[in-house]
Every structure is written in C-alpha cells, then in structure tokens.
Amino acid sequence: MKVNLEDLNAFVVVARAKGFREGARASAGSASALSEAVRRLEAQLGVRLFNRTTRSVVPTEAGQGLLARLSPALNEMEAALDVVNGFRDKPAGTLRLNVPVSAARLVLGRIVPPFLAAYPDIQMEIFTEESFVDVIAAGCDAGIRYDERLEQDMIAVPIGPRVQRFATAASPAYLDRHGRPQHPRELLGHACLRGRFSSGSMPPWEFERNGEMVRVDPTGPLIVQAGGGIDLAIEAAVAGSGIIYLFEDWLRPHLDSGALEPLLAPWWMHFSGPFLYYPGRRLVPAPLRAFIDFIKAPAGGHSR
C-alpha cells in the first residue's frame, strides 16, 4: 500500500500535539489541512486513527500502534536530512523554542537578534508557555526553563544571567498612604498584586536574609495570569494599586525611573538563572546546534 508521507507526518503531528489546532501551531500549518490529511489517511487505511470530541483528540488503539512504529522512522528521516544540512557553509532550517514569557522578555531579547544576524538561513519560532510541557510533543526542538522544572533525561545548557533575584516594589504614592513594610510578614497587611499559573497554582512570595527563610501568601485587589498578565500587574503597581513581587530585571526600568520604589531589598531572594534544555537521546538538529554553540561562546547567551 502506497501512502502519502505528508499525510503520515500530519498524523504524527496531531498525535504528538494531542489536537489539530495544537498540531497546526507546532507545525506552522493549518488545522484544516491537518484534518484533511488525517481523513485521507484514515480512508486509505480503512481504520479510524483518532477518537474526536469537542474537547479532545485521542489516538485509537490502531492510532497508538501506528504512532509507535512511525515515530522512530520519522526521527531517523529528520536526522538524515540534518546530516546533509551539516555540509552547508551555514546551517539552515527552523529552530522552535518553547519558553516562559520571562525568558522571552529578559533573556532572548539580547540573544536572538545577533544570532539571526550570524545565521541568516535559520528561522526561529518562539512559543511562550508558563506550564511545563514536553517540548518534543509540542513540536519544539528545545525549551528554556529553570533548574527546578527540568526533567532528568534532558541536557541543560546555561543561558542568560546566572543569578537573578525576585524584587518587591510599589509606587511611592502607595507607600506614602499605607506605609513601608520593614519585614516580609508585614506584607500580609498590604494590598499585593499576585500572579497565578495556568495550572491554578499561586506560589507564595519567598524571602531570605542571613539564613532566615520567610514565605508569605498575601492578598490583594488583582490576580493576573503569570506571563501574559504581568505587564498589567506592573502598570497597576505604578498606578498605586499595591505591592508587586517579580523578577528584578523586569522591574528594573521602573525602579530606575522612580515610578516604583524598592521594598525589603535585603530580603530579596537569589536564584539560579535559566537553562536551554533538549533531549539527549536524539541527534541535535543543525539550527539547534548552532544556537547552543552561539550561547556557549564568550559573547553569547550567559553572563554573571
């Protein structure tokens, strides 16, 4: 039986992404094209490959079996094509990265422009995601996360500043009205602007000074989704709505301008910087290898 390879690839993309729209995002295609390709494949094979509902797309038993046999073969094809790519003067192709909004804003802005200038034949696609995802299932080559959220079988390469801090700040007008807390526990009596992850979790605010750890869970008038809603929280803080707790580098322009006043600075928590991570069991695609080499270079993607 002769089957169209593009239809097979569409099936794998949808199965890995667990949906047509998600697969379209991962493959830079369209959901309708993927759906049509899967329908053609099912008609040719004479078997249903997915159970579809309005909320989910799940492989059938036949689909699971096909995916298990196809994935290694397609991975080998990608690896073979990448070997050929290695003979080019400069790597070419697409590099897909899955990163949190904070990394897109605070880390990649300093790295991506010079990298693209150095490698004009590489196209980058950046997907922002606050929850931890399987980068391969999401159709990405690598991701950026902090060390506490890395899986054990991943290779991790430092990227961006190696030490960061969480800062606490509020507008001078808010502090003039409500007072300036001198200890983290005093935040419990203030209006605080919080962030919630898409998983529903809302991490406590953590502080450390001379070996003393303090965690507080303050309340306030505004909760935003971590990542996409953070700029709104910053604007609210600048407007005097309450106290914000965020990456120091994200708040730095407002601290330097005086729009926000730093609070509890001796208590600001230090933490290690982010890592670029990717599976160690696969041949590294040429665009990703070029990016890894670039951020490892002295003028590349990590600093003190």
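Sequential numbering of the sequence shown, starting at 899, is according to the numbering used here.
Built from N, CA and C at the ideal position, the CB exists for glycine as well.
Query, Result
"Enclosing beta strand (DSSP E) for histidine 1168 [first to last residue]", "1168-1170"
"Paired residues, beta bridge with arginine 1107 - DSSP", "Glu1110"
"CB-CB length for tryptophan 1165 against proline 1056, believed under 8 Å", "The pair is not a contact, with the Cβ atoms about 26 Å apart (cut-off 8 Å)."
"Proline 1018 versus alanine 935 - alpha carbon distance", "32 Å"
"Proximity to lysine 916 [Cα-Cα], best of Leu965, Val945 and Arg938", "Leu965"
"Limits of the beta strand (DSSP E) - the one that arginine 994 falls within", "991-997"
"Own chain, CB closer than 7 Å to glycine 1126, minus 5 neighbours either side, in chain order", "Val999"
"DSSP beta-bridge partners of cysteine 1038", "Its beta-bridge partners do not exist; DSSP assigns none."
"Helix, strand or coil at phenylalanine 1095 [DSSP, three-state]", "coil"
"Cβ pair valine 1145, glutamine 1062 closer than 8 Å", "Residue identity check: residue 1145 is phenylalanine in the sequence provided, not valine. A contact, by the Cβ cut-off of 8 Å."
"Separation of arginine 1092 from phenylalanine 918, as counted between CA atoms", "33 Å"
"Minimum C-alpha distance to alanine 1071 - residue among Pro957, Leu1174, Glu1159 and Phe1189", "Glu1159"
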